[in-house]
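Going left to right, the sequence shown walks through residues 9 to 262 as the numbering used here numbers them.
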Amino acid sequence: MPLARRIIPCLDIKNGRVVKNVNFHHGTWDAGDPVELAAMYDRQGGDEVVFLDINASWEQRSATLDILTRAAEQVFIPLTIGGGVTAVEHVRSYLRAGADKVSINTGAVKDPDLINQSAEIFGSSTIVIAIDMKRRPTGGWEVYLQGGRTPTGIDGLKWAEEAWRRGAGELLVTSMDADGTRNGYDMELHQALANLVDIPVIASGGAGTLDHIAEVLTTGKADAALVASIFHSGQYTVDDAKQYLAAKGVPVRR
Numbered sequence: 009m010p011l012a013r014r015i016i017p018c019l020d021i022k023n024g025r026v027v028k029n030v031n032f033h034h035g036t037w038d039a040g041d042p043v044e045l046a047a048m049y050d051r052q053g054g055d056e057v058v059f060l061d062i063n064a065s066w067e068q069r070s071a072t073l074d075i076l077t078r079a080a081e082q083v084f085i086p087l088t089i090g091g092g093v094t095a096v097e098h099v100r101s102y103l104r105a106g107a108d109k110v111s112i113n114t115g116a117v118k119d120p121d122l123i124n125q126s127a128e129i130f131g132s133s134t135i136v137i138a139i140d141m142k143r144r145p146t147g148g149w150e151v152y153l154q155g156g157r158t159p160t161g162i163d164g165l166k167w168a169e170e171a172w173r174r175g176a177g178e179l180l181v182t183s184m185d186a187d188g189t190r191n192g193y194d195m196e197l198h199q200a201l202a203n204l205v206d207i208p209v210i211a212s213g214g215a216g217t218l219d220h221i222a223e224v225l226t227t228g229k230a231d232a233a234l235v236a237s238i239f240h241s242g243q244y245t246v247d248d249a250k251q252y253l254a255a256k257g258v259p260v261r262r
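Structure follows, in structure tokens:
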């Protein structure tokens, strides 16, 4: 039997609220309280919920634990949290506060050994390496840090492969070009990742229709789809997405 594909609502958090924007920086709108939204997505059948404190790395701090601890009391699907993780102790504190997985982005690029150390101590299954990528005019993708503010010159696919080989359990890969546009996922990017690494890849950035989700999980070969705008706006529910996918023959948990 093929493995079920996951639908994962993503909650980008700024100043204690869930926000959404386009291409990381434009058209920000308030989507609501993170704990209330996480509980709603739990009821709708979300497979996991991801909390990303989008300003934590830029502000050189770790993500707030208050939201995580409150969510852990009310939400019973797996919780992933990311933002400002620069040390093994940050990973430990998030897991103790109720997270099932910890997402590391900027901190892993600046200190790749953090991946090895965290995976060795807590297990690869708890370590998600988030990568924000933007297309290069000359081809390929470049890694950006600090919530998409800082270009690195690092090739996105090479970094994805290195993160996998260092012990990451999953990759959460966001196309900055597609993020928030609702024009569909970057299919070329996700196909390239699926052919490169041997761990689950969570596709992020661009979901505007249910067909976009189906496409990235089939043609794009992603293991999971991260979804924000179309869920936060009420355009679709998680259950709408799963019914649609099941009708298309995509294996999902119902």
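The beta-carbon is built from N, C-alpha and C at its ideal position, and this holds for glycine as well.
- Taking a cut-off of 8 Å on C-beta distances, the stretch 161-176 does not touch the stretch 214-227, as fewer than three cross pairs fall below it.
- With respect to His240, Val26 sits close: the two C-beta atoms are nearer than 8 Å.
- Check the Cα spacing between Thr158 and each of Pro145, Leu165, Ile139 and Glu169: the tightest is with Ile139.
- For secondary structure counted as the alpha helix (DSSP H) over 4 or more consecutive residues, the stretch 88-139 holds these complete runs in sequence order: 96-105, 114-118 and 121-130.
- Annotation for Gly161: the continuous beta strand (DSSP E) segment containing it runs Thr158 to Asp163.
- Boundaries of the beta strand (DSSP E) around Ser212: Val209 to Ser212.
- When DSSP reads this structure, Glu178 sits in a beta bridge with Val136.
- With a threshold of 16 other beta carbon atoms within 10 Å, Glu44 falls short and is exposed.
- Across the structure, Asn63 and Asp20 are spaced so that their CA atoms are roughly 9 Å apart.
- Counting every other CB atom within 10 Å of its CB across the protein chains shown gives Arg262 a total below 16, marking it as exposed.
- Under DSSP, Ile75 shares a beta bridge with no residue.
- According to the DSSP assignment, Glu196 belongs to the alpha helix (DSSP H) that extends over Met195 to Ala202.
- In this structure, Thr88 and Phe59 form a Cβ contact; the two beta carbons are roughly 7 Å apart against a cut-off of 8 Å.
- The beta carbon of Ala186 sits closer than 8 Å to those of Gly192, Tyr193, Asp194, Gly213 and Gly214, all from its chain and outside the five residues before and after it, given in chain order.
- In terms of Cβ geometry, Leu165 and Leu204 form a close pair [threshold 8 Å].
- Approximately 7 Å separates the beta-carbon atoms of Ile162 and Val117; this is inside 8 Å, confirming the contact.
- Excluding the 5 residues flanking it on each side, Gly40 has same chain C-beta neighbours closer than 8 Å at Arg25, Val26 and His240, in chain order.
- If you draw a straight line from the Cα of Ile123 to the Cα of His98, it is about 13 Å long.
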